[in-house]
Amino acid sequence: MIYQLKVQLKGIRPPVWRRLLVPGDMTFAELHRVLQKAFDWEDRHLHTFYITKTRGTAKLRIEIGNDVGDGWDDADYKEHKERLFDWLVQEGDRCLYIYDFGDDWEHEIVLEKIVKPQPDLVYPVCLKAVRVAPEEDSMGEGWNPEEIETKELTAMVNAKLAPLSKKVGKEIQKKARKEMEKGAQATQGNVWRALLEKAVAFNRLAPWQWMDDDEIFLVIDPETNERLYCSVIGALGQEHGMVVYIGEQGYKSLQHLFKQPYPEQDLVYTQRAVLISFADRNELSKEDYELLRSQGMTFRGKKQWPQFRSFVPGYYPWTISEEEAKLVTAALDQALDVARRAGEGELSLPVFPQDEKMFARIGEKKDGNVVWRDDHVPLAELEAEEKAPTYELLVDPKLIEMVKNIGQVYYGSIEFDAGYINRPVQEKRGERPYFPTFVLAVDVNTGFIIHNDLLPIENVAMRVQKSFLDMLLRLGKIPREIRMKKETKQMLAPVLRKLPIRTMEVPRTPASEHVRRTFEMF
Numbered sequence: 005m006i007y008q009l010k011v012q013l014k015g016i017r018p019p020v021w022r023r024l025l026v027p028g029d030m031t032f033a034e035l036h037r038v039l040q041k042a043f044d045w046e047d048r049h050l051h052t053f054y055i056t057k058t059r060g061t062a063k064l065r066i067e068i069g070n071d072v073g074d075g076w077d078d079a080d081y082k083e084h085k086e087r088l089f090d091w092l093v094q095e096g097d098r099c100l101y102i103y104d105f106g107d108d109w110e111h112e113i114v115l116e117k118i119v120k121p122q123p124d125l126v127y128p129v130c131l132k133a134v135r136v137a138p139e140e141d142s143m144g145e146g147w148n149p150e151e152i153e154t155k156e157l158t159a160m161v162n163a164k165l166a167p168l169s170k171k172v173g174k175e176i177q178k179k180a181r182k183e184m185e186k187g188a189q190a191t192q193g194n195v196w197r198a199l200l201e202k203a204v205a206f207n208r209l210a211p212w213q214w215m216d217d218d219e220i221f222l223v224i225d226p227e228t229n230e231r232l233y234c235s236v237i238g239a240l241g242q243e244h245g246m247v248v249y250i251g252e253q254g255y256k257s258l259q260h261l262f263k264q265p266y267p268e269q270d271l272v273y274t275q276r277a278v279l280i281s282f283a284d285r286n287e288l289s290k291e292d293y294e295l296l297r298s299q300g301m302t303f304r305g306k307k308q309w310p311q312f313r314s315f316v317p318g319y320y321p322w323t324i325s326e327e328e329a330k331l332v333t334a335a336l337d338q339a340l341d342v343a344r345r346a347g348e349g350e351l352s353l354p355v356f357p358q359d360e361k362m363f364a365r366i367g368e369k370k371d372g373n374v375v376w377r378d379d380h381v382p383l384a385e386l387e388a389e390e391k392a393p394t395y396e397l398l399v400d401p402k403l404i405e406m407v408k409n410i411g412q413v414y415y416g417s418i419e420f421d422a423g424y425i426n427r428p429v430q431e432k433r434g435e436r437p438y439f440p441t442f443v444l445a446v447d448v449n450t451g452f453i454i455h456n457d458l459l460p461i462e463n464v465a466m467r468v469q470k471s472f473l474d475m476l477l478r479l480g481k482i483p484r485e486i487r488m489k490k491e492t493k494q495m496l497a498p499v500l501r502k503l504p505i506r507t508m509e510v511p512r513t514p515a516s517e518h519v520r521r522t523f524e525m526f
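According to our numbering, the sequence shown is numbered sequentially starting from 5.
Take a look at the structure:
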């Protein structure tokens with residue numbers, strides 16, 4: 005028969021409880037494992053059971069204790085031998101489950117119903133779960149239950165119970181085992197499961213307690229030979245985790261961050277990286293939560309939920325791709341090794357960029373296996389030779405001829421700027437949003453906006469060239485002087501060579517930046 009049990013934590017308000025269906029022939033040792041999963045305990049402490057009511061009669065705490073490994077030998081009965089149906093006989097019978105004799109988490113278990121097994125159900129199963137339990141070893145201090153809907157929490161509990169579940173009856177049990185074996189085979193090579201397991205191990209290790217974000221180390225992925233530059237963050241006690249800068253673009257953004265600091269918002273536009281961080285439950289997006297749920301994973305407490313964000317130049321931070329997940333898993337795997345050795349004093353990491361070298365973990369394939377080795381790589385070997393981008397004339401030459409025919413002169417000085425603006429655009433539902441390029445021309449002396457344009461991410465150079473010529477045609481005058489930053493001047497170089505316009509390359513365009521910030525506020 006199947007027992008419907010209501011299990012509630014005592015001394016906790018608001019109440020925390022689970023309603024479970026379990027086989028009546030289950031041992032108390034098996035019930036212990038079910039309760040650990042149902043309340044998300046970690047099974048790190050002693051436990052015992054006390055029968056408080058059996059066959060409708062109250063009892064003086066008959067103890068059923070653990071007889072394996074814990075040295076708990078004073079109990080009246082052994083949990084591996086005693087079964088539920090011997091003690092919980094009729095509705096209303098109850099017992100007490102105590103976990104962690106330091107925190108003394110008392111769970112009152114009440115037999116609510118005895119029902120027949122359903123052939124299409126596996127047991128144990130959770131019918132209803134209300135509120136997450138306090139954290140392990142917390143003694144309930146500062147407990148503030150996360151607001152997870154009952155339906156969601158029940159699904160999480162059932163995901164955790166799944167490995168313990170089986171159908172009633174020998175033949176059905178065999179079928180269930182086969183299905184579990186198939187499921188285990190299907191999860192082999194599961195990219196997302198591997199990623200999450202490495203992330204959880206990294207969070208438990210908490211290397212930000214002894215590592216700083218300038219102790220950059222390199223991981224070379226043996227599958228792709230991609231260079232992954234890893235920076236552990238969290239030493240300041242704020243957001244903690246790790247940033248993995250990917251490839252040449254990632255290294256350039258890393259250089260800018262340490263050598264040429266710029267406003268924080270610019271990092272969003274130019275970074276090539278993946279951020280691994282640990283958030284509160286309410287900080288997760290729907291996609292973050294669905295990833296964890298698909299792998300049957302749930303967490304308790306603040307800053308415990310893994311979260312991953314992909315940064316690609318020109319695009320809005322987004323959920324990571326499977327390809328990125330593979331790279332990040334390799335980075336986390338080696339980060340665990342590097343962080344442990346650094347924490348034990350076995351390894352001293354160079355400081356970036358002062359030490360002019362970088363510690364590296366290099367993976368190589370040999371005879372079908374991956375072999376990892378340590379190395380120190382000079383930064384000079386990592387820095388690709390800077391080449392100025394070259395652009396062709398991408399607009400209709402007739403537009404340039406039309407501009408040449410303009411006879412009047414604009415005597416003011418103009419700032420012309422083309423750069424990303426924090427107004428992400430999502431053209432199709434589900435697609436990754438991009439940051440449009442904001443083209444802006446401002447009179448330096450008056451602050452008057454002469455021209456503005458918002459361009460999509462494709463064919464940006466061509467669109468900037470055309471926008472520049474459109475500005476001149478609408479103005480109907482040739483400016484005496486135009487100021488622009490290096491990147492904008494490079495895109496416009498093929499056009500500027502054909503026009504009699506004096507251009508000044510400047511490090512900043514203050515008037516344009518002021519207007520841009522104003523636009524971003526609305």
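Backbone N, C-alpha and C define an ideal beta-carbon position, used for all residues, glycine too.
Review point. For the candidate residues Pro357, Arg231 and Met215, whose alpha-carbon lies nearest to that of Met246?
Key: Met215
Check your understanding: If you count every other CB in all the chains shown that lies within 10 Å of the CB of Lys369, and 16 or more means buried, which is it?
Key -> exposed
Exercise for review: Use the C-beta contact count for Val119: other C-beta atoms within 10 angstroms, 16 or more gives buried, fewer gives exposed.
Suggested key: exposed
Review point. Just to confirm, are Ala166 and Arg22 a CB contact at a threshold of 8 Å?
Key: no
Exercise for review: Assign Ser471 to one of two classes, buried (16 or more other C-beta atoms within 10 Å of its C-beta) or exposed (fewer than that).
Suggested key: buried
Check your understanding: Sorted by chain position, which residues of the same chain lie with C-beta nearer than 8 Å to Gln8's C-beta, five sequence neighbours on each side aside?
Key -> Arg23, Leu24, Leu25, Leu115, Glu116, Lys117, Ile118, Val119 and Leu131
Review point. Taking three-plus beta-carbon pairs below 8 Å as touching, is the segment 418–426 in contact with the segment 488–495?
Key: yes
**Study point:** Whether Met508 touches Arg487 by CB criterion (8 Å)
**Key:** yes
**Study point:** beta strand (DSSP E) runs wholly inside the segment 46–91, at least 3 long, in chain order
**Key:** 51–58 and 61–69
Review point. By Cβ distance, which residues of its chain are closer than 7 Å to Asp292, with the 5 residues on each side in sequence left out?
Key: Gln311
Review point. So which of Ile220, Ala42, Asp44 and Lys57 has the shortest CA-CA distance to Phe356?
Key: Ile220
Check your understanding: Does the Cβ of Glu83 have 16 or more other Cβ atoms within 10 Å, making it buried, or fewer, making it exposed?
Key -> buried
**Study point:** In DSSP terms, what Ile482 is bridged to
**Key:** Val413
**Study point:** Spatial distance of Asp225 from Leu296 (CA atoms)
**Key:** 25 Å
Exercise for review: Could you confirm whether any beta carbon from chain D is found closer than 8 Å to the beta carbon of Ala133?
Suggested key: The structure shown contains no chain D, having only a single protein chain.
Check your understanding: Hey, how far is the Cα of Ala62 from the Cα of Ala203?
Key -> 48 Å
**Study point:** Cutoff 7 Å; reference Met301; Cβ partners in own chain excluding five residues on either side
**Key:** Leu200
Practice item. Tell me where the beta strand (DSSP E) around Asp378 begins and ends. Key: Asn373 to Pro382
Exercise for review: Decide if Val413 is buried, meaning its Cβ has at least 16 other Cβ atoms within 10 Å, or exposed.
Suggested key: exposed
Review point. Can we say the segment 436–450 touches the segment 509–524, given the rule of at least three CB pairs closer than 8 Å?
Key: yes
Exercise for review: Determine the direct distance from the alpha carbon of Val407 to that of Leu2, and round the result to whole angstroms.
Suggested key: With the chain covering only 5 through 526, there is no way to say anything about residue 2.
Practice item. Starting from Ile404, trace the alpha helix (DSSP H) both ways and give me its first and last residue. Key: Pro401 to Lys408
Exercise for review: In angstroms with no decimal places, state the Cα-to-Cα distance between Glu438 and Ile482.
Suggested key: According to the sequence as given, residue 438 is Tyr; it is not Glu. Distance between the alpha carbons of Tyr438 and Ile482: 33 Å.
**Study point:** Between the CA atoms of Val464 and Thr522 - distance to the nearest angstrom
**Key:** 23 Å
**Study point:** Cβ neighbours of Leu261 in the same chain (closer than 8 Å, five flanking residues each side left out)
**Key:** Leu271
Exercise for review: Report, in whole angstroms, the separation of the C-beta atoms of His49 and His36, which I expect to be a contact under 8 Å.
Suggested key: The pair is not a contact, with the Cβ atoms about 12 Å apart (cut-off 8 Å).
Point to revise | Own chain partners of Ile280 with C-beta closer than 8 Å, once the 5 adjacent residues on each side are dropped | key: Ala203, Phe206, Gly245, Met246, Val247, Val248, Pro310, Gln311, Phe312, Val332 and Leu336
Exercise for review: Could you spell out the range, first to last residue, of the beta strand (DSSP E) harbouring Tyr293?
Suggested key: Element bounds for Tyr293: not the beta strand (DSSP E) but the alpha helix (DSSP H), Lys290 to Ser298.
Practice item. Have a look at Ile16 and Lys432 and give me their C-alpha separation to the nearest angstrom. Key: 47 Å
Check your understanding: Tell me the DSSP bridge mates of Thr31?
Key -> Arg87
Practice item. Give a yes or no on whether the C-beta atoms belonging to Phe53 and Leu100 are separated by under 8 Å. Key: yes
Point to revise | N-terminal and C-terminal residue of the alpha helix (DSSP H) that Trp196 is part of | key: Val195 to Leu209
Review point. Under 8 Å, do Ala339 and Lys307 count as touching if we go by C-beta distance?
Key: no
Review point. Taking Cβ to Cβ, would you say Gln469 is nearer than 8 Å to Leu386?
Key: no
Practice item. Using the Cα positions of Ile324 and Ile461, report the straight-line distance between them to the nearest angstrom. Key: 20 Å
**Study point:** For Ala334 and Met184, the rounded distance between their alpha carbons
**Key:** Unreliable placement is indicated for Met184, whose pLDDT of 43 sits below 50; no coordinate value is reported for it.
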